[in-house]
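Reading the sequence shown from the start, the letters are residues 77 to 439 in our numbering. Virtual Cβ for every residue (Gly too), placed ideally from N, Cα, C. What follows is a set of notes on a single structure, which appears directly below.
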Amino acid sequence: MEIETHTHCTVCGQPHSLMAEVLGLCPDCARSEAGVPQARTVHGRSRRLFALPEAPPRAAEGVQCVLCGCECVIGEGEHGFCGLRTVQDGKLRHIAGTPKRGVLHWYRDPVPTNCVAAPVCAASKGDTRRSSRLWHNLSVFYYSCTLDCLFCQNWHFRTVDAEHSDGMSAQALADCADPYTFCVCYFGGDPASQMPHALASAKILAERGVVICWETAGTVNPRLMDRAVQLSLESDGCVKFDLKAHTESLHIALTGWSNQQTLANFTRAVRRFRERPDLPLVVASTLLVPGYVDAEEVGHIAAFIARHDPDIPYVLLGFAPHYLMPDLPRTSQQHAEAACRAAQDAGLRHVRIGNRHLLGHDY
């Protein structure tokens with residue numbers, strides 16, 4: 077996988093021991109508006125690796141897709157940012173992500189599984205409705221995303237030809253559950269770009285008594301986000317928001333797009349947090365990308381969460397080198413502990429480090 081790299085920051089010209097060479101921005105410049113043009117250039121290159129649009133299209137005479145915060149305006153024969161929408165004969169065509177067809181794979185995981193909400197979810201609380209050791213989670217991995225994270229650990233979904241790959245209807249996915257399916261979690265990629273498919277299957281599963289959970293960056297249309305939250309609320313599930321950064325320019329540097337929709341959807345979801353005080357409806361997590369998502373940035377994220385409700389669980393995740401950031405080290409233990417303290421100092425009452433086994437000691 078060939079892509080241009082830099083040993084010095086393209087903005088300030090300085091080297092940095094924790095600078096991702098593909099990004100070409102030191103942590104300070106990645107947080108500044110001055111770094112945004114370089115970030116957009118890098119994400120354009122990363123998208124070209126898989127023949128995906130370099131940025132959400134803005135065709136002068138196109139059809140708008142409002143499924144997520146990208147709000148693509150797609151011209152004839154073009155594709156939307158997620159790659160699953162195109163325009164044919166002046167009409168928006170959905171390659172996948174409708175109730176009739178999703179592109180995904182699914183598998184069964186024992187419960188409680190390794191999800192970020194495991195310590196606070198219904199499965200870990202010993203739900204009295206379910207007592208067998210055979211209970212499992214139906215894990216649904218969608219082959220699409222509305223962001224372009226340079227550190228994505230699941231980036232291989234981009235190699236899937238959504239147009240010609242086998243699809244699955246929402247009904248068929250729901251029918252994969254069996255009497256021992258405790259919960260379902262929709263992730264990927266991200267369910268945002270295929271949310272109509274996910275919601276349709278989730279509704280069927282919820283009616284069968286399955287707990288509905290989501291793991292998402294929160295970029296989906298707010299009305300669809302509301303439906304996802306409602307299904308989780310009613311079924312004893314949760315919505316796990318991946319808050320990658322609070323500083324918008326840093327979010328653009330790491331993911332290729334703004335976090336405005338994410339923060340707005342998080343705000344909508346947590347308004348309902350107190351409706352079910354015994355099981356957290358919303359859980360937040362952040363990946364501690366070395367150099368970039370430091371204790372100060374975590375403090376900003378945590379303060380944002382705490383302003384809504386200090387009892388929202390917050391999970392800090394260790395980074396492991398992946399995709400286009402293979403030159404960064406694993407998150408250090410010192411980094412993780414400092415971030416944890418910063419989140420607590422910001423007012424959050426339930427903060428934990430989620431995968432300590434990944435932590436290193438390189439910085």
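Two segments are said to touch when three or more pairs of C-beta atoms, one from each, lie closer than 8 Å; by this definition the stretch 92-99 does not touch the stretch 303-322. In the DSSP annotation of this structure, the continuous segment of the beta strand (DSSP E) that includes Q164 starts and ends at R161 to Q164. For T338, the enclosing alpha helix (DSSP H) stretches over residues Q336 to V346.
DSSP places L330 in the helix class (H, G or I) of the three-state scheme.
With 16 or more other Cβ atoms from the protein chains shown falling within 10 Å of its own Cβ, T257 counts as buried.
If you draw a straight line from the Cα of D370 to the Cα of D438, it is about 15 Å long.
The count of Cβ pairs closer than 8 Å, one atom from the stretch 158-169 and one from the stretch 121-139, reaches three, so the stretches are in contact.
A contact is defined here as three or more CB-CB pairs under 8 Å, and the stretch 398-412 fails this definition with respect to the stretch 334-341. Beyond the five residues adjoining it in sequence on each side, V286 comes within less than 8 Å, by CB distance, of L214, A253, T257, F258, C259, V260 and S311 in the same chain, given in chain order. Secondary structure remark: continuous beta strand (DSSP E) runs of at least 3 residues inside the stretch 262-302, in chain order: 287-292. For A110, same chain residues with a beta-carbon under 6 Å away, outside a window of 5 residues either side, are V87 in chain order. S361 and C191 have their C-alpha atoms spaced approximately 11 Å apart. Counting along the chain, R352 sits inside no alpha helix (DSSP H), nor does DSSP assign it H or E at all. Taking 3 residues as the minimum length, the beta strand (DSSP E) runs contained wholly in the stretch 184-265 are 212-218 and 257-264, in order along the chain. Here the alpha carbons of L393 and P195 stand approximately 14 Å from one another. DSSP lists E291 and V359 as the bridge partner or partners of K316.
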